[in-house]
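For the sequence shown, the numbering used here gives the first residue as 21, with consecutive numbering after it. C-beta: ideal position from N, C-alpha, C; glycine also. Let me begin by presenting the structure, written as structure tokens, before commenting on it.
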Amino acid sequence: MAEHAVDVRREIVIDAGVDVVWDVVADASRQAEWFPGMVSSQVDDGIRIIVTAVGGMLVEEILDVDHHARCFEYSITGPMHLDHHRGRITVMEAPDGARVVYEQELQPKALVYVLDAAIGDALEGLRDLVMDGRTSRSFVAADVRPDGQPMGEGG
């Protein structure tokens, strides 16, 4: 992230083991479980497709998943046009558990405030998932219908 300045930086300490938190962050297909406003996130060949609660979609390229440094990097590639985007989530040891740092670089700068609020909510969602097993309000498990019933049951 040295080429561009970090525009958004948020962090949280989660009272859990660093490996427990990293396992959730490193699994790109689980992002919708903890990032509010996302219904699903699917990964295929290094590309993550996210469906949002308002029916939109984001396409992201997974740039790096460094298990040694516990650092996950990605870039939003579409369908909205950004001149530049790079996100980084790093999980580190902390005296009280795991410190998670979420950083974003982006152009145009007009989106900084939107992403700042969103990643703040996302870090709280990550904490809720790790600590209590609570998923994001919008998340729909692949084996559950929108009415909450398991697939293949009910009428």
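Going by DSSP, residue 64 is part of the beta strand (DSSP E) stretching over 58–64.
Excluding its 5 nearest sequence neighbours in each direction, residue 158 has C-beta neighbours in its own chain below 7 Å: 56, 57, 58, 59, 73, listed in chain order. In this structure, residue 94 sits away from residue 76, with a CB-CB distance that is not shorter than 8 Å. Of the candidates 37, 29, 25, 37 places its Cα closest to the Cα of residue 117. For residue 26, no alpha helix (DSSP H) run applies, since DSSP gives it neither H nor E. Remark: C-beta atoms of residue 151 and residue 35 approach each other more closely than 8 Å.
Distances from the alpha-carbon of residue 51 to those of 115, 109, 126, 87 put 109 closest. The beta carbon of residue 143 sits closer than 8 Å to the beta carbons of 30, 31, 32, 120, 122 from its chain, once the five residues preceding and following it are set aside; these are given in chain order. For residue 131, no beta strand (DSSP E) encloses it, and the DSSP letter there is neither H nor E.
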